[in-house]
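Reading through the structure tokens given below for one structure.
2 protein chains.
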Amino acid sequence: MLSRTRGAAILVIGDEILSGRTQDTNTGYIARWLGQIGIPVREARVVPDIEAEIVAAVRALSGRYDYVFSTGGIGPTHDDITADCMAAAFGTGIDLHPGVFAALSARYASMNIGGFNEARQRMARIPYGASLIANPLSAAPGFQLGNVFVMAGIPAVMQAMLEDVRRRLVAGRALTAVTVSVFLGEGAIAAGLAALQKTYPDVPLGSYPFSRDGRFGTSLVARGNDTARLAEVREALATMVRAVGGEPLVEGAG
Amino acid sequence: MLSRTRGAAILVIGDEILSGRTQDTNTGYIARWLGQIGIPVREARVVPDIEAEIVAAVRALSGRYDYVFSTGGIGPTHDDITADCMAAAFGTGIDLHPGVFAALSARYASMNIGGFNEARQRMARIPYGASLIANPLSAAPGFQLGNVFVMAGIPAVMQAMLEDVRRRLVAGRALTAVTVSVFLGEGAIAAGLAALQKTYPDVPLGSYPFSRDGRFGTSLVARGNDTARLAEVREALATMVRAVGGEPLVEGAG
Numbered sequence: 013m014l015s016r017t018r019g020a021a022i023l024v025i026g027d028e029i030l031s032g033r034t035q036d037t038n039t040g041y042i043a044r045w046l047g048q049i050g051i052p053v054r055e056a057r058v059v060p061d062i063e064a065e066i067v068a069a070v071r072a073l074s075g076r077y078d079y080v081f082s083t084g085g086i087g088p089t090h091d092d093i094t095a096d097c098m099a100a101a102f103g104t105g106i107d108l109h110p111g112v113f114a115a116l117s118a119r120y121a122s123m124n125i126g127g128f129n130e131a132r133q134r135m136a137r138i139p140y141g142a143s144l145i146a147n148p149l150s151a152a153p154g155f156q157l158g159n160v161f162v163m164a165g166i167p168a169v170m171q172a173m174l175e176d177v178r179r180r181l182v183a184g185r186a187l188t189a190v191t192v193s194v195f196l197g198e199g200a201i202a203a204g205l206a207a208l209q210k211t212y213p214d215v216p217l218g219s220y221p222f223s224r225d226g227r228f229g230t231s232l233v234a235r236g237n238d239t240a241r242l243a244e245v246r247e248a249l250a251t252m253v254r255a256v257g258g259e260p261l262v263e264g265a266g
Numbered sequence: 013m014l015s016r017t018r019g020a021a022i023l024v025i026g027d028e029i030l031s032g033r034t035q036d037t038n039t040g041y042i043a044r045w046l047g048q049i050g051i052p053v054r055e056a057r058v059v060p061d062i063e064a065e066i067v068a069a070v071r072a073l074s075g076r077y078d079y080v081f082s083t084g085g086i087g088p089t090h091d092d093i094t095a096d097c098m099a100a101a102f103g104t105g106i107d108l109h110p111g112v113f114a115a116l117s118a119r120y121a122s123m124n125i126g127g128f129n130e131a132r133q134r135m136a137r138i139p140y141g142a143s144l145i146a147n148p149l150s151a152a153p154g155f156q157l158g159n160v161f162v163m164a165g166i167p168a169v170m171q172a173m174l175e176d177v178r179r180r181l182v183a184g185r186a187l188t189a190v191t192v193s194v195f196l197g198e199g200a201i202a203a204g205l206a207a208l209q210k211t212y213p214d215v216p217l218g219s220y221p222f223s224r225d226g227r228f229g230t231s232l233v234a235r236g237n238d239t240a241r242l243a244e245v246r247e248a249l250a251t252m253v254r255a256v257g258g259e260p261l262v263e264g265a266g
């Protein structure tokens with residue numbers, strides 16, 4: 013078994029992602045947002061709208077990482093089963109939340125779109141013991157249960173919910189990155205990069221091929237939370253690139 | 013434990029996805045491509061460039077699903093460890109593949125970009141017992157080991173490799189979808205949709221909110237491989253939408 017690991021996992025829930033109908037962008041957004049407050053994302057999973065699958069993933073991820081961020085499945089339709097699955101995963105019950113019910117009831121009473129019907133009432137179902145996550149856009153809240161933050165799948169709503177999550181997280185030192193790009197293939201700088209990785213074992217170095225204006229190149233990225241150390245590594249990367257005949261393009265954070 | 017499941021899983025390998033630096037698009041592409049030949053994607057995972065994580069994910073997914081499609085980590089740099097991890101996951105060895113070595117050697121000899129150096133030679137490391145997956149774009153091949161198809165992370169290369177994978181798959185009936193959209197919120201059609209789901213339990217129905225030109229609406233999607241049945245469901249969806257006061261926009265495949 014894999015050991016308990018510091019950091020976060022992301023759990024994307026929804027058939028529409030697995031069918032390729034919808035392009036997930038929440039994973040990247042959450043990852044960058046967490047990186048800015050020093051919490052690395054260690055794993056991401058996408059699971060279908062099937063209770064056993066969601067429950068198993070929640071248990072696996074919440075047992076292993078400090079935090080889990082889920083997106084999707086908290087709307088009013090029959091395939092929105094995330095809240096029930098979270099309750100099942102944590103072995104707790106679920107029922108209509110009086111405060112949420114009242115707030116949503118008032119909201120829908122003021123809108124001429126069919127009222128606070130039974131389907132919309134489903135969005136007031138919150139597991140026992142959960143704390144709410146505010147939804148400033150469309151009112152129906154997310155919730156936190158244990159170390160799992162349950163958020164909407166719609167990107168704008170998810171992003172707004174994250175702002176209410178921030179105060180609950182123990183932030184680390186912000187993770188930043190420096191990038192040195194060069195119009196050379198990965199194979200031309202791989203040996204130099206590997207040597208630098210041995211010199212700076214504490215700074216993960218990555219290598220990412222790109223194509224710009226028809227020219228191929230490689231971005232070398234150093235990540236960490238010690239900006240002085242990253243500046244030193246950036247200089248070392250630029251020196252290495254020159255040594256193999258390349259012209260380093262220092263791109264700051266990236 | 014979750015039981016063995018028909019269908020495929022996708023395994024995306026790379027720190028750059030988990031940091032949010034790179035937006036994964038391979039998952040959606042593979043999912044749509046597999047859907048066209050009738051193989052549903054049941055799960056997707058993103059793991060970092062860490063051997064224990066990759067090995068554990070490969071074992072979990074290859075033991076549970078018919079096929080696993082991995083992307084990333086087969087380039088020439090020190091963080092490209094996928095081939096070694098696949099060998100470890102399957103308990104087999106790995107070494108330079110003579111045919112691949114010869115082909116890459118000839119390719120790099122003809123290009124003025126530093127020759128077939130030690131880093132590039134890493135791309136000729138193929139696990140014992142693997143069959144190669146052709147790479148018509150940049151020569152360095154992917155490979156199939158057991159039920160796992162190991163492909164590049166660069167989208168254009170991955171897409172080209174898939175063409176060489178197709179003949180190895182046992183295709184099902186193509187999965188298609190019909191979509192009925194309406195400028196109503198999910199909550200207005202949820203009850204009707206749930207009732208239809210009970211009438212057509214064999215056809216998964218999904219509901220996806222959208223915003224177009226500042227107007228909010230919902231797309232109702234029915235999926236399956238029986239086009240006559242889908243046409244019937246499409247009519248039923250349109251009738252249901254009209255019954256709650258909406259104007260159905262039938263959008264065919266989607």
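As you go down the protein sequences, you meet chains A and B in turn.
Heads up, the first sequence is in my numbering, so the first residue is 13 and it goes up one at a time.
Heads up, the second sequence is in my numbering, so the first residue is 13 and it goes up one at a time.
We treat Cβ as the ideally placed atom computed from N, Cα and C, and that holds for glycine.
Residues of the segment 207-218 of chain B with a C-beta less than 8 Å from any C-beta of chain A: Gln-209, Pro-216, Leu-217, Gly-218, listed in chain order.
The C-alpha of Leu-30(A) is placed about 21 Å away from the C-alpha of Glu-28(B).
Shown here, Gln-156(A) sits in a strand according to DSSP, grouped into three states.
For Thr-17(B), the three-state secondary structure derived from DSSP is strand. Closest in alpha carbon position to Arg-227(A), among Tyr-212(A), Ile-138(A), Phe-195(A), is Phe-195(A). Assignment of Asp-78(B) by DSSP, reduced to helix, strand and coil, places it in the strand class. In the pairwise beta carbon analysis, the segment 20-27 of chain B is classified as touching the segment 58-68 of chain B: at least three pairs are separated by under 8 Å.
For Ala-72(B) and Glu-55(B), the gap between their C-alpha atoms comes out near 11 Å.
Bounds of any alpha helix (DSSP H) do not take in Ile-86(A), whose DSSP letter is neither H nor E. Per the coordinates, the alpha-carbon of Tyr-41(B) lies some 29 Å from the alpha-carbon of Arg-119(B). For Phe-228(B), the enclosing beta strand (DSSP E) stretches over residues 227-236. Per DSSP, the unbroken alpha helix (DSSP H) holding Ile-201(A) starts and ends at 198-211. Taken in chain order, the whole beta strand (DSSP E) runs of length 3 or more contained in the segment 97-122 of chain B are 106-108.
Taking 8 Å as the upper bound for CB-CB distance, Val-162(A) and Ser-219(A) are not in contact here, some 36 Å apart. With a threshold of 16 other beta carbon atoms within 10 Å, Val-182(A) falls short and is exposed.
Excluding sequence positions up to five before and after Arg-134(B), its CB lies within less than 6 Å of the CB of Pro-88, all in the same chain and listed in chain order. Taking all protein chains shown into account, Gln-156(A) has 16 or more neighbouring C-beta atoms within 10 Å of its C-beta and is therefore buried. The beta-carbon of Glu-175(B) is placed no less than 8 Å from the nearest beta-carbon of chain A.
Shown here, Val-215(A) sits in coil according to DSSP, grouped into three states, outside any helix or strand. The DSSP-derived three-state label of Arg-132(A) is helix. The C-beta of His-109(B) comes no closer than 8 Å to any C-beta of chain A. By the CB criterion at 8 Å, Val-177(A) and Leu-149(A) fall outside the cutoff. Contact check for Thr-188(B) against Leu-232(B) fails: the beta carbons are separated by 8 Å or more. The Cβ atoms of Arg-246(A) and Val-262(A) sit closer than 8 Å to each other. Listed in chain order, the non-local C-beta contacts of Tyr-212(B) below 6 Å within the same chain comprise Val-245, local neighbours out to five positions each way being set aside.
With a cutoff of 8 Å on beta-carbon distance, Val-53(A) and Ala-20(A) are scored as near each other. In this chain, the alpha helix (DSSP H) harbouring Ile-42(B) covers 38-48.
Less than 8 Å separates the beta-carbon of Asn-237(A) from that of Gly-184(A). Beyond the five residues adjoining it in sequence on each side, Ala-101(A) comes within less than 6 Å, by CB distance, of Val-67, Val-70, Arg-71 in the same chain, given in chain order. Membership of Pro-139(B) in the beta strand (DSSP E) is indicated by the continuous run 137-139. Contact with chain A is absent for Ala-114(B), since none of that chain's Cβ atoms lies less than 8 Å from the residue's Cβ. Beyond the five residues adjoining it in sequence on each side, Gly-258(A) comes within less than 6 Å, by CB distance, of Val-194, Leu-196 in the same chain, given in chain order.
Taking 8 Å as the CB threshold, Gly-75(A) stays off the interface with chain B. If you draw a 10 Å sphere on the C-beta of Glu-198(B), you find 16 or more other C-beta atoms in it, and that means buried.
Straight-line spacing of the CA atoms in Leu-242(A) and Ile-201(A) works out to 19 Å.
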